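Residue numbers (my numbering), protein chains in the order written: chain A, 390 to 757; chain B, 428 to 801.
Built from N, CA and C at the ideal position, the CB exists for glycine as well.
The structure presented is a predicted model; accordingly, all values stated were derived computationally and were not measured.
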């Protein structure tokens, strides 16, 4: 035990000696969460559009005002003819064009119907879909107001309650995801690289011939990182709370305990990578290629898992952040207790054990 | 010139010697491309709901059917109290709860629902975007339902309402196919990882293992060394890009409306900038670990701010402006423009100029920062 303690202290010195790396390790996750928290959002606002008004009467002007005052759209250019749309789209200046037919209000008065054409640049389909919905919603509301006199009151008025996130804030969606992704990427990278580094420079041979048991060596090597990653985790959660107003409705102790478990998972994954990879470069590429995009895209961080095809939903079960994101959302936002997260906890613990077992099997005690 | 060729040859020998790395560089990106392209869609599948019907009347059942048959909703369960239904929300088994209180039908007939809240809709709003959509869909169904009831009451008397006839057209991608838009983006991520990381790690590795000093004492000039380090990774990255595009054309019906030469010309300029940044980072770091974290930091920042996964327009203005130093964002935008919209060299000229300036700055900085002294 004393030997192990000595070894851990040695590793700590080893990490802390390299001031640049320590700075990067602590500053980077905080900076990333800060930036993502402010930047990553899917809210529609200030979309540049063009309006081609062939009628220019009081109704089309009022509809135009309604659309532009919604906050979702700003008028970018004054296109007068359909033939200019193409070039504007191709330059990427605008996302949508709204076209009113000639003598719009006249037709509306006499024939009770008038035509509006909406053209969207669907080279970004998500965006196109949303802005077309918003636009037709605004026009629909305008017409409902116009028709109000004729209609009896809207007879069903539901009382809508938005649970867990009353103001529909985007950070509730993105901050837990950011925490989970950054924590696993940084931690896995740190561990896998630090162990392969010893392999690459041959210093692992020196350690292997020491009286320390191989498991003590691994434990000693990763122990400092548990501390580092935990500090990272705490600072990110604090950031979410103080800067982004993400609540911690549930038990803070439970939250921290789950974070430690998740960090252990990331560490064991890092150990696993380091037993596979002979050089630092390969360890890094495994951690980057193997983890970055799959965890970002398949964990429900940005894209909802339930929308994915069946096979990908299945693969997403293999993504550790998926479970941690659920745990974070349940504890922090829904205020749920252990009863609501025990399944996810069990999966994370199970994955950790499996990664460790494989690593132990793969770890070579003897030199080649 | 010969010196440069010799350095390039040396680099290629080193790259091809490491078979694990080589396999990883070629196979992993292709697999990821094929798999991940399918994951990225905001398209909503069915919304799961729990119905609390305390009225159990003809009208409430009618409303129930309206939701079921809409195609947007899937009724997961029926409960008789709100607390019981709430556990579905807490467990994540349902997205929304519809509460039809006792006396719903009577209320509707008596005072045509003049009072507020004759129905309750509870939505799990952690995903704000989804919650907004659920609200919209629900409101639509309720409006239709109400209109049906009015029509039922006012049969015979023709009510003429003004209406607008809205037609939509989605240009460039009429079927709103998400894959063809995500594929170029993800491909750019993969190409950037390969190119930028390889370049950044390469020079530091020489420093770490001590071979940098050996190169430093040779008469090789700085620019020769830098060119020799850039070219191999440029070739690998462009190769990677070609494979990815080929996969797109063969398996994902990726359209190609633009000019292939323009695309590769722009890709070349972009890679000069990205690899130049990698070189610059490598001159600032002493160990592979450091340069790795630096490169990782920039890459993930570039990706998240690029508008690849979330729209650029939704970002605050300062972040949109900050994208001027994000070559990744520019390339993602341009590759989509060329492939899907068929934008020509004139359309992308400003981006081209931007990227060229960026590349020149990055490479000059890297050459300037590199010290040939130990």
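Along the chain, where does the alpha helix (DSSP H) containing residue i start, and where does it finish?
i                     : result
residue 475 (chain A) : 474-479
residue 422 (chain A) : 408-428
residue 722 (chain A) : No alpha helix (DSSP H) contains residue 722 (chain A), which DSSP labels as neither H nor E.
residue 609 (chain B) : 606-619
residue 641 (chain B) : 638-643
residue 495 (chain A) : 493-500
residue 714 (chain B) : Run containing residue 714 (chain B): none; DSSP gives neither H nor E here.
residue 669 (chain B) : 649-678
residue 496 (chain B) : 485-496
residue 462 (chain B) : 446-463
residue 702 (chain A) : 699-705
residue 689 (chain A) : Note, residue 689 (chain A): premise wrong, no alpha helix (DSSP H); not H, not E.
residue 734 (chain A) : 731-751
Which residue or residues does DSSP assign as beta-bridge partners of residue i?
i                     : result
residue 766 (chain A) : This structure does not reach residue 766 (chain A), given that chain A is present from 390 up to 757, and the question cannot be answered.
residue 486 (chain A) : A:439, A:508
residue 526 (chain B) : B:479, B:547
residue 593 (chain B) : A:505
residue 352 (chain A) : An answer regarding residue 352 (chain A) cannot be provided, because it is not within the stretch 390 to 757 covered by chain A.
residue 383 (chain B) : Here chain B has residues from 428 to 801 only, and residue 383 (chain B) is not among them.
residue 472 (chain B) : Answer is none; residue 472 (chain B) lacks a bridge partner.
residue 455 (chain A) : None, per the DSSP bridge assignment.
residue 501 (chain B) : B:475
Taking 8 Å as the cut-off, is the CB of residue i close to at least one heavy atom of the ligand SAH?
i                     : result
residue 740 (chain B) : Among the ligands in the structure shown, none appear at all, so the ligand SAH cannot be discussed.
Mind checking which residues open and close the beta strand (DSSP E) that includes residue i?
i                     : result
residue 547 (chain A) : 547-552
Just to check my reading of the structure: residue i and residue j have Cβ atoms closer than 8 Å, yes? What is that Cβ distance to the nearest angstrom?
i                     : j                     : result
residue 622 (chain B) : residue 698 (chain B) : 6 Å
residue 615 (chain A) : residue 652 (chain A) : 6 Å
residue 463 (chain B) : residue 707 (chain A) : Not a contact, Cβ separation roughly 14 Å.
residue 522 (chain B) : residue 476 (chain B) : 7 Å
residue 604 (chain B) : residue 514 (chain A) : 7 Å
residue 743 (chain B) : residue 700 (chain B) : Their Cβ separation, rounded to whole angstroms, is 25 Å, which puts residue 743 (chain B) and residue 700 (chain B) out of contact at 8 Å.
residue 688 (chain A) : residue 705 (chain A) : 7 Å
residue 466 (chain A) : residue 452 (chain A) : Their Cβ separation, rounded to whole angstroms, is 19 Å, which puts residue 466 (chain A) and residue 452 (chain A) out of contact at 8 Å.
residue 423 (chain A) : residue 632 (chain A) : 7 Å
residue 794 (chain B) : residue 649 (chain B) : 6 Å
residue 479 (chain A) : residue 774 (chain B) : 5 Å
residue 741 (chain A) : residue 716 (chain A) : So it is not a contact: roughly 14 Å between Cβ atoms.
residue 701 (chain A) : residue 466 (chain B) : 5 Å
residue 481 (chain A) : residue 764 (chain B) : 6 Å
Next item on the list: Pull out every residue of the segment 553-564 of chain A whose Cβ sits closer than 8 Å to any Cβ of chain B, in chain order.
Entry: Listed by position, the residues of the segment 553-564 of chain A near chain B (Cβ gap below 8 Å) are 553, 554, 555, 557, 558, 559, 561, 562.
Next item on the list: With 7 Å as the C-beta to C-beta threshold (strictly closer), list the residues of the segment 502-520 of chain A near chain B in chain order.
Entry: Of all residues in the segment 502-520 of chain A, only 502, 503, 504, 505, 506, 507, 508, 509, 510, 511, 512, 513, 514, 515, 516, 517, 518 place a beta-carbon less than 7 Å from a beta-carbon of chain B.
Next item on the list: Compile a chain-ordered list of the residues in the segment 688-699 of chain A whose CB is closer than 8 Å to at least one CB of chain B.
Entry: Cβ contacts with chain B: 691, 692, 693, 695, 696, 697, 698.
Checklist line | Contiguous alpha helix (DSSP H) assignments of at least 4 residues, all confined to the segment 744-785 of chain B | finding: As for any alpha helix (DSSP H) of minimum length 4 sitting wholly inside the segment 744-785 of chain B, the runs are 744-749, 754-763, ordered along the chain.
Checklist line | Runs of alpha helix (DSSP H) wholly within the segment 582-670 of chain A (minimum 4 residues, chain order) | finding: Segments of the alpha helix (DSSP H) lying fully in the segment 582-670 of chain A: 592-597, 603-631, 641-665.
Item checked: Residues from the segment 433-449 of chain A in contact with chain B, defined by Cβ distance under 9 Å -> Residues of the segment 433-449 of chain A with a Cβ closer than 9 Å to any Cβ of chain B, in chain order: 433, 434, 435, 436, 437.
Notebook entry, point to check: In chain order, what residues of the segment 449-483 of chain A put their CB closer than 9 Å to some CB of chain B?
Noted result: Within the segment 449-483 of chain A, the residues whose Cβ lies closer than 9 Å to some Cβ of chain B are 452, 474, 475, 476, 478, 479, 480, 481, listed in chain order.
Check: Can you list, in chain order, the residues of the segment 556-575 of chain B whose Cβ is nearer than 8 Å to any Cβ on chain A?
Finding: So the list reads 556, 557, 558, 559, 562, 563, 565, 566, 569, 570, 572, 573, given in the order they occur along the chain.
Margin query: Along the segment 438-465 of chain B, where does the CB come closer than 9 Å to a CB of chain A? Name the residues.
Written below: Taking 9 Å as the Cβ-Cβ cut-off against chain A, the residues of the segment 438-465 of chain B that qualify are 445, 447, 448, 451, 452, 455, 456, 459, 462, 463, 465.
Checklist line | Short-range partners of chain A found in the segment 697-716 of chain B, where Cβ spacing is below 7 Å | finding: When CB distances to chain A are screened at a threshold of 7 Å, the residues of the segment 697-716 of chain B falling below it are 715, 716, in chain order.
Checklist line | chain A contacts from the segment 592-611 of chain B (Cβ-Cβ distance under 8 Å) | finding: Of all residues in the segment 592-611 of chain B, 592, 593, 594, 595, 596, 597, 598, 599, 600, 601, 603, 604, 605, 608 have a Cβ within less than 8 Å of some Cβ in chain A.
Notebook entry, point to check: What are the residues of the segment 756-770 of chain B that lie near chain A, defined by any Cβ-Cβ distance shorter than 8 Å?
Noted result: Contact annotation: in the segment 756-770 of chain B, residues whose CB is within less than 8 Å of a CB in chain A are 760, 763, 764, 767, 768, 769, 770.
Next item on the list: May I ask you to list, following chain order, the residues of the segment 724-746 of chain B that have a beta carbon less than 9 Å from some beta carbon of chain A?
Entry: The segment 724-746 of chain B vs chain A, Cβ under 9 Å: 724, 726, 727, 728, 730, 731, 732, 734, 736, 737, 738, 740, 741, 742, 743, 744, 745, 746.
Note to self: Short of 7 Å Cβ to Cβ, which residues in the segment 611-640 of chain A face chain B?
What the structure shows: Per Cβ criterion, the list is empty.
Next item on the list: Taking only beta carbons into account, state which residues of the segment 403-429 of chain A come closer than 8 Å to chain B, listed in chain order.
Entry: Under the 8 Å Cβ criterion, the segment 403-429 of chain A contributes 407, 409, 410, 413, 414, 417, 420, 421, 424, 425, 427, 428, 429.
Next item on the list: Output, in sequence order along the chain, the residues in the segment 574-592 of chain A whose CB is closer than 9 Å to any CB in chain B.
Entry: The residues in question are 574, 575, 578, 579, 582, 583, 586, 589, 590.
Item checked: Contact list for the segment 514-529 of chain B against chain A, Cβ threshold 8 Å -> Those would be 516, 517, 518, 519, in chain order.
Check: Using Cβ-Cβ distances below 9 Å, what residues of the segment 701-714 of chain A are close to chain B?
Finding: Per Cβ criterion, the list reads 701, 704, 705.
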